[in-house]
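Trainee: Numbering (full-length UniProt numbering), first residue to last: 1 to 118. The C-beta atom is built at its ideal place from N, Cα and C for all residues, glycine as well. It should be emphasised that the depicted structure is a prediction, and the values quoted were computed from it without experimental measurement.
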Amino acid sequence: GTFGVVKRVVHRRTGEVFAAKFLPVRSSTRTRGFQERDLLSRLAHPRVACLLDFFCTRRTLVLITEICCSHGLLDHLLLKGSVSEKEVQSYIQQILEGVGHIHSMNILHLDIKVRLPV
1 GTFGVVKRVV HRRTGEVFAA KFLPVRSSTR TRGFQERDLL SRLAHPRVAC
51 LLDFFCTRRT LVLITEICCS HGLLDHLLLK GSVSEKEVQS YIQQILEGVG
101 HIHSMNILHL DIKVRLPV
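1. With 16 as the cutoff for other CB atoms within 10 Å, does K21 come out buried or exposed?
2. Just to confirm my understanding: we take T60, look at its own chain, exclude 5 residues before and 5 after, and list those with CB closer than 8 Å. What are they?
3. Going by beta carbon distance, what residues of the same chain come within less than 7 Å of F54, once the five residues before and after it are set aside?
4. Do R42 and H101 come within 8 Å of each other at the CB atom, strictly closer than that value?
5. In whole angstroms, what separates the C-alpha of V88 from that of L79?
6. Please list the segments of the beta strand (DSSP E) lying wholly inside the UniProt domain "Protein kinase" (1-118), counting only runs of 3 or more residues, in order along the chain.
7. Compare the Cα-Cα distances from V17 to each of H109, A49, S90 and report the closest residue.
8. Find the nearest neighbour of V9 within the set L73, S82, C68, judged by alpha-carbon distance.
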């Protein structure tokens, strides 16, 4: 999706961490939000965060998905300090497997980016 806000959320009872994407359901964006929900519900792959649940209020569609990690890959690598070429190769391979899967379903990911330290 190209709109909405993603936040890290915690299940009150279990303490599990998830990603929640909050999408406005105004008349101009309602269809896009539900299209994104339908699209995410079809993605089942070990390298792609899948849709676990959703709910809708009068103003917002909320999509609950797996969270990859509490921080980005670049942050993870920087925290490790030293990373071997083999490890980097493994991470790149996993990313390409996930992107390859969504591309095989004629889906384009519009928000892949690397966050650089400031």
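Mentor: According to the structure shown:
1. The count along the sequence shown starts at 1 and reaches residue 21 at position 21. Result: buried.
2. Taking the sequence shown and counting its residues from 1, the one referred to as residue 60 is at position 60. If we look at T60 and ignore the five residues flanking it on each side, its Cβ neighbours are F22, L23, P24, V25.
3. Stepping through the sequence shown from its first residue, residue 54 is reached at position 54. Here the set comprises R37, L61, V62, L63, I64.
4. If you number the sequence shown from 1, residue 101 lands on position 101. If you number the sequence shown from 1, residue 42 lands on position 42. In this structure, R42 does not lie closer than 8 Å to H101 by Cβ.
5. Mapped onto the sequence shown, residue 88 falls at position 88. Mapped onto the sequence shown, residue 79 falls at position 79. Approximately 14 Å, taken between the alpha carbons.
6. 5-10, 17-24, 51-56, 60-65
7. Taking the first residue of the sequence shown as position 1, residue 17 is located at position 17. Among H109, A49, S90, the Cα nearest to that of V17 is on A49.
8. On the sequence shown, residue 9 is found 9 positions in, with the first residue counted as 1. Per the Cα distances, C68.
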